[in-house]
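Those protein sequence lines, which keep their order, are chains A and B.
For what it's worth, the working numbering labels the leading residue of the first sequence as 23, then goes sequentially.
For what it's worth, the working numbering labels the leading residue of the second sequence as 28, then goes sequentially.
To keep things clear, I will list the structure first and then write my remarks on it.
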Amino acid sequence: QVQLQESGPGLVKPSQTLSLTCSVSGGSIRSGDYYWSWIRQSPGGGLEWIGHIYYSGRTYNNPSLRSRLSISIDTTKKQFSLNLSSVTATDTAVYYCARYDITVTAGAGRMDAFDLWGQGTMVTVSS
Amino acid sequence: QAVLTQSPSVSGTPGQRVTLSCSGGSSNIGSNTINWYRQVPGTAPQLLIYRNNQRPSGVPDRISGSKSGTSASLAISGLQSEDEADYYCATWDDSLHGPVFGGGTKVTVL
Numbered sequence: 023q024v025q026l027q028e029s030g031p032g033l034v035k036p037s038q039t040l041s042l043t044c045s046v047s048g049g050s051i052r053s054g055d056y057y058w059s060w061i062r063q064s065p066g067g068g069l070e071w072i073g074h075i076y077y078s079g080r081t082y083n084n085p086s087l088r089s090r091l092s093i094s095i096d097t098t099k100k101q102f103s104l105n106l107s108s109v110t111a112t113d114t115a116v117y118y119c120a121r122y123d124i125t126v127t128a129g130a131g132r133m134d135a136f137d138l139w140g141q142g143t144m145v146t147v148s149s
Numbered sequence: 028q029a030v031l032t033q034s035p036s037v038s039g040t041p042g043q044r045v046t047l048s049c050s051g052g053s054s055n056i057g058s059n060t061i062n063w064y065r066q067v068p069g070t071a072p073q074l075l076i077y078r079n080n081q082r083p084s085g086v087p088d089r090i091s092g093s094k095s096g097t098s099a100s101l102a103i104s105g106l107q108s109e110d111e112a113d114y115y116c117a118t119w120d121d122s123l124h125g126p127v128f129g130g131g132t133k134v135t136v137l
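Take a look at the structure:
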């Protein structure tokens, strides 16, 4: 079955760029039925959608992060990546990659749900 | 500050029925379907309900969801110790052009 796995540094210095990659295994990343997404969860906090990318490369970003955010996709490697610049301690969080299902079913509409998640990776911003 | 509003906690005894609430506005719950996720601390969230009341395979029918206007509810019947977790509601927001979450409800089995 399809699995997602995040990878990247667990420690980033303030003002630097946080870079993470999500590898997709067991299925295709070239599907029009999904957005490939990033979500984060601060310690003891709730979930925050960061942004997502379609297989074509079109991106949709949370306006609160848009100026610092870049999401890209490499369909040949079956990976998508997150770059968040100028990080501060408030960017410390568990970062999840996830698959957002936008499948449309006749009579039921769009699925609109995160149906698959990576295990998450903790990123700490500290000097 | 989460876009959707959930009660911070709810508790019940084994076998009891508990209901979790989620409220939003016209640009999110009012015009889109709601999802619920269950998260055991230290693990990734898992989809519990989609399209307001649909269960993915493997989710028992004692878990049910509903939506009315700009609010939604998740009911857990026959509460079990394994139901202890954090539960998040989520939906698409037309103003944000992306998904939004509630702040989460912690379910405790007494």
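Beta carbons are placed, not taken as given, at the ideal position from N, Cα and C, and that holds for glycine.
No Cβ-Cβ contact shorter than 8 Å links Ala115/A with Trp139/A. The residue among Gly105/B, Asn79/B, Pro72/B with its C-alpha nearest the C-alpha of Pro87/B is Gly105/B. The region 49-61 of chain A makes no contact with the region 104-124 of chain B; the number of CB pairs closer than 8 Å stays below 3. DSSP, read as helix, strand or coil, puts Asp110/B in helix.
Of all alpha-carbon atoms in Gly67/A, Thr81/A, Asp137/A, Val109/A, the one lying nearest the alpha-carbon of Leu40/A is that of Val109/A. Boundaries of the beta strand (DSSP E) around Gly39/B: 36-39. Leaving aside the five residues that flank Asn79/B on each side, the residues in its chain whose CB is nearer than 8 Å to its CB run, in chain order, Thr60, Ile61, Gly92, Ser93, Lys94, Ala99.
Under the three-state reduction of DSSP, Thr46/B is assigned to strand. With respect to chain B, the C-beta atom of Met133/A has a partner C-beta closer than 8 Å. Taking the Cβ atoms as the reference, Ser36/B lies roughly 7 Å from Thr135/B, within the contact range of under 8 Å. When the Cα atoms are used, Ser148/A and Ser107/A turn out to be separated by approximately 14 Å. In the DSSP assignment, Leu40/A falls within the beta strand (DSSP E) that extends over 40-47. Taking 8 Å as the CB threshold, Leu69/A lines the interface with chain B. Collapsing the DSSP output to three states places Ile61/A in a strand. Scanning its chain for C-beta atoms nearer than 7 Å, with the 5 sequence neighbours on each side dropped, one finds around Gln43/B the residues Leu106, in chain order. Only those residues of the region 114-130 of chain A whose C-beta falls short of 9 Å from the nearest C-beta of chain B are listed: Val116, Tyr118, Ala120, Tyr122, Asp123, Thr127, Ala130.
Counting of Cβ neighbours within 10 angstroms places Met144/A among the exposed residues, the total staying below 16.
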